[in-house]
Amino acid sequence: MKSWAGLLRILGCVELLLGAAIFACVCAYIHKDNEWYNMFGYSQPGGAYGGGYGSYGGYGGGYGNANYTGPKTPFILVVAGLAWIVTVIMLVLGMTMYYRTILLDSNWWPLTEFFINLALALLFLAAGCVYVNDTIRGGLCYYQYFNNGINGAFCRTEAGQTAAIIFLFFTMIVYLVGAIVCLKLWRHEAARRLRELILYPSLHSNRLLMVQGSRWQSPLVKGHIPAGHAPKPVIMPDYIAKYPAIRTDEQRDQYKAVFNDQYSEYKELHVEVQAILKKFDEMDVMMQNLPQNPTSHMERDRINKILQEYQRKKMDPSFLEKKERCEYLKNKLSHIKQRIHEYDKVMGWNDGYG
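If you want it as structure tokens, here you go:
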């Protein structure tokens, strides 16, 4: 677990599994609802039985007070289905780059996720209460004159119904935990933005300039090139031109030799860079545990020194050079492998590069 956002994704998967289990358990006993409506229709059973059993006048009156008009299974299914769809949307959205770069950087999205999770938790609470009320038929099962004979089958709670009740209330708890995690995420992102503001005050001013500058429309957008405009050159990696499409078997062997030669260098660099990045991840966790609101000036200076030292290590020229070289080799080897794959596809080869 590396972040609160990752915990939200795990909770989302758990919520989907529970939602599917609820749907399956509830649907398994829809036939009991059909039997109920076939026997009593959509009116209170008390009225029908009151006329049929005149000797049980007290029973008929008590029956009417129960005020139960039939199972509310459609409500439970709608809640489970709606929550499932919303959770799928949020889970897929949470795996996108837009979520990590835009939504998490905003003040409103974590709070929006909090309210969504809270609303779904309340819906499952209502669905759980309604389903419990259905299992006791709105209190009718507490009357001995109803809970016997044929009617007694309606008061029998099956194992699947018990499981559905447990899943409904457990899902409510999971969504409440998700709401709490959203609040933690909100505080975590606010603290991160504050640290960035302390370390990089110019970054905040640049964002303000970008927002203000977005109101100005470039002359290029208006349909003409202004005088003195120099277009920015497009930088193309050297390996694009150096390794064009393969035409001969000899050229393929040359590409393969280059790939095998530089792959070992890339592998060593990759292992080294990943080890350093892992240490940075551990340091990130340590940075998150630093006090957000230092009580003294000395404590604030100490935290600032720690943050500056941390940023200095991340911006170490030697590390950045290795990281850049590793990325370059990765793209270059991917390009060469793609060229070999294209040639093999045409020639019908299969040498492990497909």
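Residues in the sequence shown are numbered from 1 upward in steps of one, following UniProt numbering.
From the three backbone atoms N, C-alpha and C, an ideal C-beta is built for every residue, glycine too.
Relative to leucine 123, the option among Trp108, Pro110, Ala83 whose CA is nearest is Ala83.
Listed in chain order, the non-local C-beta contacts of lysine 322 below 7 angstroms within the same chain comprise Leu269, Glu272, Val273, local neighbours out to five positions each way being set aside. For the options Gln161, Pro110, Gly128, Glu327, the alpha carbon positioned closest to that of lysine 184 is the one of Pro110. Inclusion of valine 14 and alanine 164 in the CB contact set at 8 angstroms is not warranted, their separation being larger than that value.
Rounded to the nearest whole angstrom, the CA to CA distance from glycine 19 to glutamate 309 is 47 angstroms.
Cα atoms of methionine 298 and serine 3: separation of roughly 29 angstroms, rounded to the nearest angstrom. From the listed residues Val177, Arg252, Asp105, the smallest Cα separation to aspartate 344 is found for Arg252. Around the beta carbon of cysteine 129, fewer than 16 other beta carbons sit within 10 angstroms, so the residue counts as exposed.
Secondary structure note for threonine 87: its alpha helix (DSSP H) is the uninterrupted segment 73-94. A direct Cα-to-Cα measurement between valine 79 and isoleucine 336 gives close to 52 angstroms. In its chain, beyond the 5 residues on either side, Ile76, Val79, Leu168 have a beta carbon closer than 6 angstroms to the beta carbon of alanine 127. In the assembly as shown, leucine 277 is an exposed residue. Its beta-carbon has fewer than 16 other beta-carbons within 10 Å. The alpha-carbon separation between phenylalanine 23 and threonine 96 amounts to approximately 28 angstroms. In this structure leucine 333 is in contact with tyrosine 263, their Cβ atoms being roughly 6 angstroms apart against a cut-off of 8 angstroms. The beta carbon of leucine 104 sits closer than 7 angstroms to the beta carbons of Ala5, Glu189 from its chain, once the five residues preceding and following it are set aside; these are given in chain order.
Comparing alpha-carbon positions, the option among Arg9, His341, Phe319, Ile303 lying closest to leucine 91 turns out to be Arg9.
Contact between valine 181 and leucine 11 holds, since their C-beta atoms are separated by about 7 angstroms, short of 8 angstroms. In this structure, the alpha-carbon of glutamate 158 lies about 17 angstroms from that of leucine 140.
Residue Thr112 holds the alpha-carbon nearest to the alpha-carbon of tryptophan 186 among Thr112, Lys279, Gly70, Thr87. Counted as a single uninterrupted DSSP element, the alpha helix (DSSP H) harbouring glutamine 338 occupies residues 317-347. Cβ neighbours of leucine 118 within its own chain (closer than 6 angstroms, five residues either side excluded): Ala179. Within the same chain, Cβ atoms closer than 6 angstroms to the Cβ of threonine 171 are found at Leu18, Phe124, the five residues on either side in sequence being excluded. The Cβ atoms of tyrosine 266 and lysine 330 lie closer than 8 angstroms to each other.
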